[in-house]
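Protein chains: 2
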Amino acid sequence: MAKPLIGAIEAGGTKFVLALMDEAGRIVAEQRIATLTAAETMPEVIRFFSEAPSGHGELAAIGVASFGPLDIDPASPTYGTITTTPKPGWSGASFIDWLRPLGVPLKVDTDVNGAALGEALSGAGKGCRTLAYTTVGTGIGTGVVRDLRPMAGFSHYESGHIPVAHDRARDPFDGLCPYHGDCLEGLAAGPAIRARFGDSLDAMADPAPAVALISGYLADLATNLVLLHAPDRLVFGGGVMKAPGLIPALRRETARRLAGYVAHLHDDPELEHYIVSPGLGDEAGITGAAELARQAIAQRDAAA
Amino acid sequence: MAKPLIGAIEAGGTKFVLALMDEAGRIVAEQRIATLTAAETMPEVIRFFSEAPSGHGELAAIGVASFGPLDIDPASPTYGTITTTPKPGWSGASFIDWLRPLGVPLKVDTDVNGAALGEALSGAGKGCRTLAYTTVGTGIGTGVVRDLRPMAGFSHYESGHIPVAHDRARDPFDGLCPYHGDCLEGLAAGPAIRARFGDSLDAMADPAPAVALISGYLADLATNLVLLHAPDRLVFGGGVMKAPGLIPALRRETARRLAGYVAHLHDDPELEHYIVSPGLGDEAGITGAAELARQAIAQRDAAA
Chain B
1 MAKPLIGAIE
11 AGGTKFVLAL
21 MDEAGRIVAE
31 QRIATLTAAE
41 TMPEVIRFFS
51 EAPSGHGELA
61 AIGVASFGPL
71 DIDPASPTYG
81 TITTTPKPGW
91 SGASFIDWLR
101 PLGVPLKVDT
111 DVNGAALGEA
121 LSGAGKGCRT
131 LAYTTVGTGI
141 GTGVVRDLRP
151 MAGFSHYESG
161 HIPVAHDRAR
171 DPFDGLCPYH
181 GDCLEGLAAG
191 PAIRARFGDS
201 LDAMADPAPA
211 VALISGYLAD
221 LATNLVLLHA
231 PDRLVFGGGV
241 MKAPGLIPAL
251 RRETARRLAG
261 YVAHLHDDPE
271 LEHYIVSPGL
281 GDEAGITGAA
291 ELARQAIAQR
301 DAAA
Chain X
1 MAKPLIGAIE
11 AGGTKFVLAL
21 MDEAGRIVAE
31 QRIATLTAAE
41 TMPEVIRFFS
51 EAPSGHGELA
61 AIGVASFGPL
71 DIDPASPTYG
81 TITTTPKPGW
91 SGASFIDWLR
101 PLGVPLKVDT
111 DVNGAALGEA
121 LSGAGKGCRT
131 LAYTTVGTGI
141 GTGVVRDLRP
151 MAGFSHYESG
161 HIPVAHDRAR
171 DPFDGLCPYH
181 GDCLEGLAAG
191 PAIRARFGDS
201 LDAMADPAPA
211 VALISGYLAD
221 LATNLVLLHA
231 PDRLVFGGGV
241 MKAPGLIPAL
251 RRETARRLAG
261 YVAHLHDDPE
271 LEHYIVSPGL
281 GDEAGITGAA
291 ELARQAIAQR
301 DAAA
């Protein structure tokens with residue numbers, strides 16, 4: 001029998017990362033392709049997974065970690081379908097329908113759930129039973145993983161849109177969210193920072209005032225995550241979080257909000273081991289996608 | 001073989017409800033006892049479960065839904081132990097240690113997780129895969145149940161202490177929480193309402209201004225629950241929620257905060273079927289405790 005190979009897709013807004021791994025997780029083949037429309041991009045994806053296994057083994061499953069919004073309920077008739085997106089040619093696109101001809105088990109989840117799964121498996125959240133991974137970039141999103149399973153309710157979580165304490169005397173900016181104006185994403189994502197301060201945090205001559213403001217909004221999310229999910233660790237990644245001083249400021253602001261209520265998050269005032277940067281960098285998403293593929297195989301075998 | 005009987009304990013701050021049920025859930029014996037110290041109350045509990053089964057069958061398991069804070073991690077060496085509480089004689093009290101001599105499987109969770117489980121099983125959340133049950137009384141707490149399992153991270157959730165948007169111009173009250181001052185519980189629980197308005201919501205001559213204010217704080221929680229747990233339904237119970245007009249105001253305030261972002265929570269501007277009152281009233285806790293007992297039996301059998 002040919003060696004089983006794991007397929008992984010990280011479907012991003014600007015590029016797709018395609019990877020083929022052996023059972024030990026070593027990459028056998030990898031390709032990056034631009035995200036065009038589904039009708040243009042998905043045939044390239046099919047071609048990769050049809051041709052790349054040749055000589056290495058046999059494709060056994062594919063996991064997909066994709067931009068959304070996305071139907072991630074395996075019991076839903078539209079599982080694996082991108083619902084409504086402004087991205088041309090992707091509304092209603094179904095990863096399941098596109099990939100079905102490959103004849104292998106498939107599992108689809110969001111990009112942030114994939115990254116959370118990757119970090120929990122082998123990154124900064126390794127060993128955590130409950131891990132919350134938040135990305136702060138063009139948008140803000142959080143994936144929560146429990147026992148290496150991404151959590152969800154009627155849909156994936158939408159942490160970017162939580163209400164935060166917006167003191168307009170201190171920060172008169174109205175916010176950029178087309179739905180809420182000054183929700184978390186409207187005030188603290190990359191575009192909102194540039195709209196107020198004219199630059200990204202890491203490019204400012206004196207980022208201190210902006211870091212103080214943005215860390216407070218992000219701490220409202222961190223505090224809500226602690227109180228509503230009680231994760232063993234919070235990972236904060238994405239472009240905005242690379243700004244010097246932002247993670248330490250987020251720790252201080254979160255400790256201030258918790259105010260000693262959660263005993264073990266009080267001893268270390270900067271929460272150094274609790275709020276951390278990603279361990280896998282840009283590899284979190286594809287690592288999580290590969291784990292989704294392994295879970296798809298395990299589920300197929302359990303059902304057999 | 002004697003008929004198996006299900007034991008259920010709802011351990012409240014002022015009273016314990018003890019129940020013995022047959023396999024169909026019919027109550028065979030029930031007793032209420034005052035909550036004194038553990039050393040006074042627990043022997044009464046043991047006596048009930050030792051004597052009440054006589055002539056009806058044989059005790060098969062006990063489920064406990066208790067006030068907290070409580071260690072609810074079955075893998076912890078202090079599982080089922082009340083951690084630190086101002087309640088005299090209960091800090092460090094272990095339900096497991098007290099009940100072990102009865103020789104039956106035990107399962108312990110918080111009162112609000114028990115009520116959430118009861119409502120999900122046969123109350124207002126029946127049929128929901130993910131149900132969030134919030135109680136608003138002397139304190140505020142939320143239990144989230146997924147597939148009839150209470151969810152938790154490193155500990156049970158603590159929704160009462162989330163930060164909320166506190167506009168001091170509109171509401172100059174400092175809040176009553178000894179940790180945070182103006183967290184949700186500090187501003188919106190029963191004692192905070194009486195401290196500001198001199199009375200409970202349902203006893204005020206004109207409750208409208210207070211209802212408008214309190215519903216806004218509770219809507220901050222409801223919105224966070226929607227975005228961070230995506231429950232199929234939100235149940236809001238407890239003494240404060242019985243005030244006329246509060247549930248409809250909470251629906252309106254939550255719809256205003258979501259602002260159409262979650263498509264299916266937009267069609268009905270008052271979210272009539274999404275934010276609801278409990279279906280089991282005061283029976284939710286004991287119903288959930290009995291289900292915990294049934295789950296303890298199922299886990300014992302699965303491990304055998």
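Residue numbers (the UniProt record's numbering), protein chains in the order written: chain B, 1 to 304; chain X, 1 to 304.
All C-beta atoms in this analysis are idealised placements derived from N, C-alpha and C, irrespective of residue type, glycine included.
- Residue pairing of Phe67 of chain B in beta bridges, as defined by DSSP: absent, with no partner found.
- Taking a contact to require three or more Cβ pairs closer than 8 Å, the segment 182-200 of chain B and the segment 85-105 of chain B do not qualify as touching.
- Pairing Ile9 of chain X with Ala263 of chain B, the inter-Cα distance amounts to about 28 Å.
- Using a Cβ-Cβ cut-off of 8 Å, Leu213 of chain B does not count as an interface residue toward chain X, since no Cβ of chain X sits closer than that to its own.
- Within the DSSP secondary-structure output, Met204 of chain X pairs in no beta bridge.
- Per DSSP, the beta-bridge partners of Glu58 of chain X are X:Pro4.
- Taken through DSSP and simplified to helix, strand or coil, Arg294 of chain B comes out as helix.
- Leaving aside the five residues that flank Gly57 of chain X on each side, the residues in its chain whose CB is nearer than 8 Å to its CB run, in chain order, Ala2, Lys3, Pro4, Leu5, Asp22, Val28.
- Counting only runs of at least 3 residues, the segment 230-277 of chain X fully encloses the following beta strand (DSSP E) elements, listed from N- to C-terminal order: 233-237.
- Excluding residues up to 5 positions away in sequence, Glu10, Gly12, Val17, Ala65, Asp111, Gly114, Ala115, Gly118 lie with their Cβ nearer than 8 Å to the Cβ of Gly285 of chain X in the same chain.
- Close partners of His273 of chain X in chain B (Cβ separation under 9 Å) are lacking, with about 13 Å as the shortest Cβ gap.
- Residue pairing from DSSP places Thr142 of chain B in a beta bridge opposite B:Thr134.
- Every alpha helix (DSSP H) of 4 residues or more that sits fully in the segment 168-215 of chain B is shown, in chain order, as 184-188, 190-197.
- For Asp282 of chain X, no pairing in a beta bridge is given by DSSP.
- For Pro163 of chain B, at least one C-beta of chain X is nearer than 8 Å to its own C-beta.
- A Cβ of chain B is located within less than 8 Å of the beta carbon of His180 of chain X.
- Of all residues in the segment 244-259 of chain B, only Arg257, Leu258, Ala259 come within less than 9 Å of chain X when Cβ atoms are compared, listed by chain position.
- In summary, Ala169 of chain B is exposed, with fewer than 16 beta-carbon neighbours lying within 10 Å of its beta-carbon over all protein chains present.
- In the three-state reduction of the DSSP assignment, Val164 of chain B falls in the coil class, being assigned neither a helical nor a strand state.
- The three-state reading of DSSP puts Ile72 of chain B in coil, since its state is none of H, G, I, E or B.
- The alpha-carbon separation between Lys242 of chain X and Ser200 of chain X amounts to approximately 10 Å.
- The beta carbon of His156 of chain X sits closer than 6 Å to the beta carbons of Ile72, Thr110 from its chain, once the five residues preceding and following it are set aside; these are given in chain order.
- By the Cβ criterion, the segment 221-232 of chain X is in contact with the segment 223-236 of chain B, since at least three pairs of Cβ atoms, one from each stretch, lie closer than 8 Å.
- For Thr110 of chain B, the enclosing beta strand (DSSP E) covers residues 106-110.
- The beta strand (DSSP E) runs lying completely inside the segment 11-40 of chain X and spanning 3 residues or more are 15-21, 27-34, given in chain order.
- Taken atom to atom, the span from the alpha-carbon of Ile214 of chain X to that of Ala259 of chain X is near 19 Å.
- By the Cβ criterion, the segment 247-259 of chain X is in contact with the segment 271-291 of chain X, since at least three pairs of Cβ atoms, one from each stretch, lie closer than 8 Å.
- Of the residues X:Gly25, X:His166, X:Glu185, X:Leu121, the one whose Cα lies closest to the Cα of Val144 of chain X is X:Leu121.
- Around the beta-carbon of Ser159 of chain B, 16 or more other beta-carbon atoms lie within 10 Å, marking it buried.
- Proximity of chain X to Pro231 of chain B at the Cβ level (cut-off 9 Å) is accounted for by Gly153, Phe154, in chain order.
- For Leu99 of chain X, the enclosing alpha helix (DSSP H) starts and ends at 95-99.
- Listed in chain order, the non-local C-beta contacts of Ala208 of chain B below 8 Å within the same chain comprise Gly245, local neighbours out to five positions each way being set aside.
- Burial check for Glu283 of chain X: the Cβ neighbour count within 10 Å reaches 16 or more, so the residue is buried.
- Taking C-beta atoms as the reference points, Ala302 of chain X and Pro163 of chain B fail to come closer than 8 Å.
- DSSP, reduced to helix, strand and coil, places Pro43 of chain X within a helical segment of the structure shown.
- Ala296 of chain X and Ala60 of chain X have their C-alpha atoms roughly 9 Å apart.
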